[in-house]
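One structure is given below, encoded as structure tokens.
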Amino acid sequence: MSIVPKENIEVIAQSIGINNLSSDVALALAPDTEYRMREIMQEAIKCMRHSKRTTLTADDVDAALNMRNVEPIYGFASRGPLRFKRAIGQRDLFYIDDKDVDLKDVIEMPLPKAPLDTAVHCHWLAIEGVQPAIPENASVEVIAAPSDGKKLEQKDDGLPVDIKLPVKHVLSRELQLYFDKITELTMSSSDSVLFKQALVSLATDSGLHPLVPYFTYFIADEVSRGLSDYSLLFALMRIVRSLLRNPHIHIEPYLHQLMPSVVTCLVARRLGNRFADNHWELRDFTANLVASICKRFGHVYSNLQTRLTKTLLNAFLDPKRAMTQQYGAIRGLAALGPTVVRILILPNLEPYMRLLEPEMLLEKQKNEMKRHEAWRVYGTLLHAAGQCLYDRLKVFPPLSSQPARAVWKTNARVITTALSKKYAVCIFF
26 MSIVPKENIE
36 VIAQSIGINN
46 LSSDVALALA
56 PDTEYRMREI
66 MQEAIKCMRH
76 SKRTTLTADD
86 VDAALNMRNV
96 EPIYGFASRG
106 PLRFKRAIGQ
116 RDLFYIDDKD
126 VDLKDVIEMP
136 LPKAPLDTAV
146 HCHWLAIEGV
156 QPAIPENASV
166 EVIAAPSDGK
176 KLEQKDDGLP
186 VDIKLPVKHV
196 LSRELQLYFD
206 KITELTMSSS
216 DSVLFKQALV
226 SLATDSGLHP
236 LVPYFTYFIA
246 DEVSRGLSDY
256 SLLFALMRIV
266 RSLLRNPHIH
276 IEPYLHQLMP
286 SVVTCLVARR
296 LGNRFADNHW
306 ELRDFTANLV
316 ASICKRFGHV
326 YSNLQTRLTK
336 TLLNAFLDPK
346 RAMTQQYGAI
356 RGLAALGPTV
366 VRILILPNLE
376 PYMRLLEPEM
386 LLEKQKNEMK
396 RHEAWRVYGT
406 LLHAAGQCLY
416 DRLKVFPPLS
426 SQPARAVWKT
436 NARVITTALS
446 KKYAVCIFF
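In this text, residue positions in the sequence shown follow the working numbering: the first is 26, and each later residue adds one.
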């Protein structure tokens, strides 16, 4: 006995235009219809379970029909339960209550907005526990409700504008005192033992990350204002080195603010206002600092060393730049490695020496200070070329050792004799 009555088979036959279906045929089709329905429902339940759901939907039934190579039933969605109404004059006949829609209303309906292209946009939620103040991040503080006399800002289309206040970095009292003490020592007592201990603290303490933006702003501000204070500039560069050495500080987001200050202390025309200020030492220190930054963060910022070498090369080849600026540029390029020297300095060495030699001679340059600066530049060029030559020599196998030679100098001649048991070679000049 089938659960599908023969009356349902007759109704379905009438719906497809078969009006003279006999009762015997309907009775024979009912068990087969039940079997097909059970088969489809079992496949639909499998689809439901694979979808990790406990409610059977019309999509599951459509998927089961597709698996059986049967065209799915169109017009039924899984938005909610269907509403059936009883047909007038029929006791067991129901139909789906569909809402009538006027075609004129459909035509006059405005078109929906075009869908946005699929895209991925990333931003920092938090950096070392600190939420950056960007529009994408929700404000921590609650925006106060406007008073009766104020109005919300609106766009041209009348929609309200969602205003988000910037997130404030909250510092503890201890960190504020620590920052004030470090800045005080930097400005007044950079040669004291206490300042050296403060540098060690900056390089090792693990709770200083909230102070990094404050130190970055302090360094940039003081470098731009204190180019005439040699001791202050040296102290600021030592602070930068300590911050870079601290393994607990995530300093990458602040490199774009630190690098201009560091490069300024390398290629500025004048550092300090006294003759006794050893700005050469400051430039050497800063060059090593720049090299360490490129070595550590070059893989993160691929254009960091490229932009830096372009800046230094322009300072090196510009004849209008002072010798102090060219010295800093050469020291910075040499600190980046022998490869940079071989590619950027050595090809430009011959034309540069034609400009440098007159500045080194007493007959052509009467200013002793400029002559001293030219000799300093010449010395750093020799140092850079020597490093490059040594690096190239390491590539080749060691040369065979030459026999020892003895040299005697006389007033009339120089005699060089090879120490050999069989013969002696004498060269006369």
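All residues carry an ideal CB built from backbone N, CA and C; glycine is no exception. Being a predicted model, the structure only gives us computed values, none of them experimental.
Assuming residue i and residue j form a contact by the criterion Cβ under 8 Å, report the distance between their Cβ atoms to the nearest whole angstrom.
i      : j      : result
LEU283 : CYS290 : Not confirmed; about 11 Å, so no contact.
ARG401 : LEU387 : Not a contact, Cβ separation roughly 16 Å.
VAL484 : LEU236 : No statement about residue 484 is possible, as the shown extent of the chain runs from 26 to 454 and does not include it.
ILE274 : LEU233 : 6 Å
SER267 : LEU227 : 4 Å
CYS72  : ASP85  : 4 Å
GLY251 : VAL315 : 20 Å between Cβ atoms; not a contact.
LEU371 : CYS413 : 7 Å
LEU2   : TYR403 : Residue coverage of the chain in this structure runs from 26 to 454, which leaves residue 2 outside it and unanswerable.
ASP309 : TYR255 : About 14 Å separates the two Cβ atoms, so there is no contact after all.
LEU46  : GLU35  : 6 Å
Could you pull the start and end residues of the beta strand (DSSP E) that residue i belongs to?
i      : result
PHE322 : Not the beta strand (DSSP E): PHE322 falls in the alpha helix (DSSP H), residues 304-322.
TYR121 : Tyr is not the amino acid found at residue 121; the sequence shown has Ile there. 119-121 is the span of the beta strand (DSSP E), which, as asked, contains ILE121.
ARG111 : 109-111
Taking all protein chains shown into account, do 16 or more other C-beta atoms lie within 10 angstroms of the C-beta of residue i, making it buried, or fewer, making it exposed?
i      : result
GLN67  : exposed
VAL95  : exposed
PRO363 : buried
ALA354 : buried
GLY100 : exposed
GLU398 : buried
VAL167 : Unreliable placement is indicated for VAL167, whose pLDDT of 43 sits below 50; the coordinate value is still reported in the next sentence. So VAL167 counts as exposed.
HIS281 : exposed
MET348 : buried
PHE421 : exposed
ASP117 : exposed
CYS319 : buried
VAL288 : buried
TYR352 : buried
THR229 : exposed
What three-state label does DSSP hand residue i in the structure shown?
i      : result
PHE101 : coil
VAL248 : helix
ALA170 : The pLDDT assigned to ALA170 is 47, lower than 50, so where the model puts this residue is not dependable, and the model offers no usable value.
ILE152 : strand
GLU388 : coil
TYR242 : helix
LYS335 : helix
ALA139 : coil
LEU81  : coil
PRO344 : coil
ILE9   : In the structure displayed, the chain extends from 26 to 454; residue 9 sits before or after that span and is not available.
TYR326 : coil
ALA431 : Confidence in ALA431 is poor, its pLDDT being 46 and thus under 50, which makes the residue's placement too unreliable to answer from.
HIS75  : helix
ASP87  : helix
GLU96  : coil
PRO157 : coil
Please report the residue range of the alpha helix (DSSP H) in which residue i lies.
i      : result
LYS22  : Absent from the structure is residue 22, since the part of the chain shown begins at 26 and ends at 454.
ARG356 : 348-360
SER40  : 31-40
ARG294 : From DSSP, ARG294 is part of no alpha helix (DSSP H); its letter is neither H nor E.
LEU128 : 128-133
GLN115 : Careful: GLN115 lies outside any alpha helix (DSSP H) and carries neither H nor E.
Considering only residues of the stretch 245-289, which uninterrupted alpha helix (DSSP H) runs meet the minimum length of 4 residues and lie entirely inside it, listed in chain order? 255-270
Starting from the N-terminal side, write out each stretch of the alpha helix (DSSP H) that is 4 residues or longer and does not extend beyond the stretch 189-232. 198-213, 218-229
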